[in-house]
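Residue numbers (full-length UniProt numbering): 1 to 507.
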């Protein structure tokens, strides 16, 4: 794949990487306790566990960011010490994190050749740099102009470029930390193709993801951590999602969706002929109080677009919307908030939270906008709102004044839920509510959604994860190219049937 890429290696019974008896403590906290990790050459190895299980600490030790208190590390059977990230790089270890670390003002090519620009006759050889960069990107299935400034590329494209740059460096072991969080289905397919090439070259991959379906698609083996300890190393082909979930959190996937008899009440939301040019095509939909309606479809089906129109964030060209029998015009989010509608967006970090502000401020963002002439609440009322929802939603934070940035993904999502519940909405729209959330927090969020429905609120849940949308919903509406292709009752829903509808085929 590049001049630096290792040649194909014959299978070996000796692991390329072995961490043995790794322990790490902080004041009052045992982050890791006697953890073992083995990764073979040409293997994709999943590292699994809830937030707080110890995955991040283990990776930081491996990459030389922090030092272990106890234990040993071996590469190709030789004991090594990794005292710094530079030492990790020299040993052939690399990591691709969720936060893109490219130089934004520079071009794609300049990022690839940073520190060693090609020269010809004393001048930078821009043509050679572009040619070599694009040749390498194309070999990975990435069609990007090397002259493009990185900061001008979509964030998902930047993520693929960052992955390509790490591979370009010839690393022998690459850690992928939630690599698909920002990628579309098509971009995810490109990534998985890249990982397959790495396997064929004999390189090692450690893959971290909360999306268990990805683990079964691309990983060969997995190590499960729980509460900082080693649980088990398994071959992925020998276990099920239920097995892994039980090892991670002590309960099965089926237990996440206990039987809930639907008790729909009066019509809360009625859509008739909702059309938005290029996005929605004559959508008819009815949602009742106490009902959870799943909304499924492939990328570009129009699910998020429909939620945004209902919430008043995007305009509709024609159609009629009624809330509890009253015709409403969804002209603005503030207007729809006052009609009792809440939207929990997919991108909570950029659209739902002020990450640099504390839990208390975030929890009161919506309700303060909806209060009085100046949108102000007395400090005591703010504190009471925050305290109430920290307790009700079991938000794990050391203080109401902790920055939201420092919370786990699951607790960030609970802050978003609390922010909206403080406004007491009647209709709650969830867009991919468990994306980037660990399995344990995911189960808690399912319970919260059930509780909201039991209270008589009307719920729509957009999800791309079929077991989730089937498990949590009373009915499932399936979209394709901006249209509702069909509505399926929970008892009749199968993954095959929903996929056929989502692909535009008859059920």
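Glycine included, every Cβ here is placed at the ideal spot set by N, Cα and C.
Query - residue 87 - DSSP class collapsed to helix/strand/coil - result: Shown here, residue 87 sits in a helix according to DSSP, grouped into three states.
Report task. Pull up the distance between the alpha-carbon of residue 213 and that of residue 445, whole angstroms please. Result -> Distance between residue 213 and residue 445, taken at the CA atoms: about 19 Å.
**Report entry** Beta-carbon proximity check, residue 461 vs residue 265, cutoff 8 Å
**Finding:** In this structure, residue 265 does not lie closer than 8 Å to residue 461 by Cβ.
Query raised in the report: Do three or more CB pairs link the stretch 132-143 to the stretch 184-197 at distances below 8 Å?
Result: With the cut-off at 8 Å, the stretch 132-143 and the stretch 184-197 touch.
Query raised in the report: In whole angstroms, what is the alpha-carbon distance linking residue 476 and residue 490?
Result: Their Cα atoms are separated by approximately 7 Å.
Query raised in the report: Any idea what DSSP makes of residue 412, helix, strand or coil?
Result: If DSSP states are grouped into helix, strand and coil, residue 412 belongs with the helices.
Query raised in the report: To the nearest whole angstrom, what separates the beta carbons of residue 61 and residue 24, a pair I think is in contact under 8 Å?
Result: Indeed, because the Cβ distance is near 7 Å, the residues count as touching under 8 Å.
Query - residue 276 - DSSP class collapsed to helix/strand/coil - result: Strand.
Query raised in the report: Looking at residue 263 and residue 316, is the spacing between their C-beta atoms short of 8 Å?
Result: With respect to residue 263, residue 316 sits apart: the two C-beta atoms are not nearer than 8 Å.
**Report entry** residue 35: first and last residue of the uninterrupted beta strand (DSSP E) it sits in
**Finding:** That run of the beta strand (DSSP E) goes 29-39.
Query raised in the report: Which residues share a DSSP beta bridge with residue 480?
Result: Its beta-bridge partners are 483.
Query raised in the report: Straight-line CA distance for residue 384 to residue 112?
Result: Taking the straight line from one Cα to the other gives about 52 Å.
**Report entry** Coarse secondary structure for residue 514, derived from DSSP in three states
**Finding:** Outside the displayed range of the chain (1 to 507) lies residue 514, so it cannot be described from this structure.
Requested in this report: State buried or exposed for residue 308, treating a residue as buried only when at least 16 other CB atoms are found within 10 Å of its CB.
Outcome: Residue environment: residue 308 is assigned as buried (16 or more neighbouring CB atoms within 10 Å of its CB, all protein chains considered).
Query raised in the report: Just reading off the alpha helix (DSSP H) that residue 165 is part of, what are its end residues?
Result: Element bounds for residue 165: 155-168.
Report task. Mind listing, in chain order, the continuous beta strand (DSSP E) runs of no fewer than 3 residues lying wholly within the stretch 173-248? Result -> Those beta strand (DSSP E) runs which fall completely within the stretch 173-248 and span 3+ residues are 173-177, 204-208, 221-226, 229-235.
Query raised in the report: CB residue 130 to CB residue 147, shorter than 8 Å?
Result: One thing to note: residue 130 has its Cβ within 8 Å of the Cβ of residue 147.
Report task. Run through the stretch 309-381 for me and flag every whole alpha helix (DSSP H) of 4 or more residues, listed as ranges in chain order. Result -> Segments of the alpha helix (DSSP H) lying fully in the stretch 309-381: 333-338, 359-363, 365-369.
Query raised in the report: Where residue 405 and residue 49 are concerned, what is the direct C-alpha to C-alpha distance, given to the nearest angstrom?
Result: Taking C-alpha positions only, residue 405 is separated from residue 49 by approximately 21 Å.
Requested in this report: Confirm, please, whether the CB-CB distance from residue 386 to residue 363 is below 8 Å.
Outcome: Going by C-beta atoms, residue 363 is nearer than 8 Å to residue 386.
Query raised in the report: Going by DSSP, which residues form a beta bridge with residue 78?
Result: DSSP output for residue 78 lists 75 as bridge partner(s).
Query raised in the report: Closest by CA to residue 470, which one among 247, 277, 224, 487?
Result: Nearest C-alpha to residue 470 among 247, 277, 224, 487: 487.
Query raised in the report: Which stretch, first to last residue, makes up the alpha helix (DSSP H) that contains residue 60?
Result: Here the alpha helix (DSSP H) through residue 60 covers 55-62.
Requested in this report: Take the Cβ of residue 14 as the centre, count every other Cβ of all protein chains shown within 10 Å, and call the residue buried at 16 or more, exposed below.
Outcome: By the 10 Å Cβ count, residue 14 comes out exposed.
Query raised in the report: Under the rule that 16 or more other beta-carbon atoms within 10 Å means buried, what is residue 431, buried or exposed?
Result: It is buried - the Cβ of residue 431 has at least 16 other Cβ atoms within 10 Å.
Query raised in the report: Smallest Cα separation from residue 239: which of 181, 358, 402, 223?
Result: Checked all of 181, 358, 402, 223; the closest Cα to residue 239 is 223.
**Report entry** Unbroken alpha helix (DSSP H) run spanning residue 503, endpoints
**Finding:** Neither: residue 503 is in no alpha helix (DSSP H) and is coded neither H nor E.
Requested in this report: Would you check if there are 3 or more beta carbon pairs closer than 8 Å linking the stretch 405-415 to the stretch 349-358?
Outcome: Two segments are said to touch when three or more pairs of C-beta atoms, one from each, lie closer than 8 Å; by this definition the stretch 405-415 touches the stretch 349-358.
Requested in this report: Determine the closest residue to residue 18 out of 27, 35, 29, 30, with distance taken between C-alpha atoms.
Outcome: Nearest neighbour of residue 18 by Cα position, chosen from 27, 35, 29, 30, turns out to be 35.
Requested in this report: Give me the Cβ distance between residue 108 and residue 161, rounded to the nearest whole Å; I'm assuming they're in contact under 8 Å.
Outcome: The pair is a contact, with the Cβ atoms about 6 Å apart (cut-off 8 Å).
Requested in this report: Would you identify the three-state DSSP class for residue 384, choosing helix, strand or coil?
Outcome: Looking at residue 384 - three-state DSSP - the assignment turns out to be helix.
Report task. Just the C-alpha distance for residue 89 and residue 71, rounded to the nearest angstrom, thanks. Result -> Whole-angstrom Cα-Cα distance: 21 Å.
Query raised in the report: Starting from residue 299 and walking both ways along the alpha helix (DSSP H), at which residues does that stretch end?
Result: No alpha helix (DSSP H) holds residue 299; DSSP gives it neither H nor E.
Report task. Leaving out five residues on either side along the sequence, give the residues of the same chain with a beta carbon under 6 Å from the beta carbon of residue 118. Result -> Closer than 6 Å at the Cβ level, and outside the excluded window around residue 118, lie 125, 128, 129.
Query raised in the report: Nearest CA to the CA of residue 202: which residue from 286, 348, 174?
Result: Here the closest residue by C-alpha is 174.
Query - Identity of the residue in 480, 27, 468, 504 nearest residue 494 by Cα - result: Ranking 480, 27, 468, 504 by Cα distance to residue 494 puts 468 first.
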